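A quick write-up on the structure given underneath.
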Amino acid sequence: MSGTVTPEELGMRFLVLSHRVRRVVDERMTERGPSLARTKLLRVLADQGRLRQSALAQRLGLAARTVTETVDGLERDGLVARTPDPADRRAKLVSLTDEGSAALDAAHGTGEQVLREIFGALGPEQRETLAGLLGLIDRAT
């Protein structure tokens with residue numbers, strides 16, 4: 001690659017590649033357990049404990065309906081449980097089940113394995129360089 005690559009061209013390549021990496025990670029995770037999106041929700045519950053769905057939606061930056069649909073699926077799969085909120089009997093609290101905790105552990109292992117495969121193609125110096133470049137891009141946003 002010569003020095004003629006524009007910021008716009010580089011930005012588009014970055015967006016395409018980041019989308020592809022995300023898709024590969026999600027596909028591999030889904031083959032072995034919860035998807036990347038479901039794993040994020042399970043991680044919030046593991047970190048925060050029982051939460052109302054509205055609080056989950058807020059922490060994830062998602063619409064309440066999206067979280068409701070995801071929680072419905074996770075509950076059907078036995079990965080989360082809904083219980084009445086003692087402070088408001090109309091509201092439900094969502095919590096991680098033992099099966100959900102085990103699925104979360106497996107998902108993280110799978111995700112980490114895929115990322116090792118992808119970024120393991122780079123040598124240590126290349127990874128350090130990329131980390132520095134990603135930090136510059138992050139600070140520019």
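All residue numbers for the sequence shown refer to UniProt numbering, where the first residue is 1 and numbers rise by one. Beta carbons are placed, not taken as given, at the ideal position from N, Cα and C, and that holds for glycine. Note that the coordinates shown come from a computational prediction; the quantities given were computed from them, not determined experimentally.
By the C-beta criterion, the segment 89 to 103 is judged to be in contact with the segment 39 to 59, since at least 3 inter-stretch pairs fall below 8 Å.
The alpha helix (DSSP H) runs lying completely inside the UniProt domain "HTH marR-type" (7 to 139) and spanning 4 residues or more are 7 to 32, 36 to 48, 53 to 60, 64 to 76 and 98 to 119, given in chain order.
Around the beta carbon of T6, fewer than 16 other beta carbons sit within 10 angstroms, so the residue counts as exposed. Pairing P86 with K92 gives a Cβ-Cβ distance that is not under 8 Å.
From the listed residues E9, D26, G3 and A102, the smallest Cα separation to L42 is found for A102.
Taking a 10 Å sphere around the C-beta of T110, we find 16 or more other C-beta atoms and assign the residue as buried. The straight-line gap separating the alpha-carbon atoms of L56 and D105 is approximately 20 Å. Distance from the CA atom of R127 to the CA atom of V21, rounded to whole angstroms, is 16 Å.
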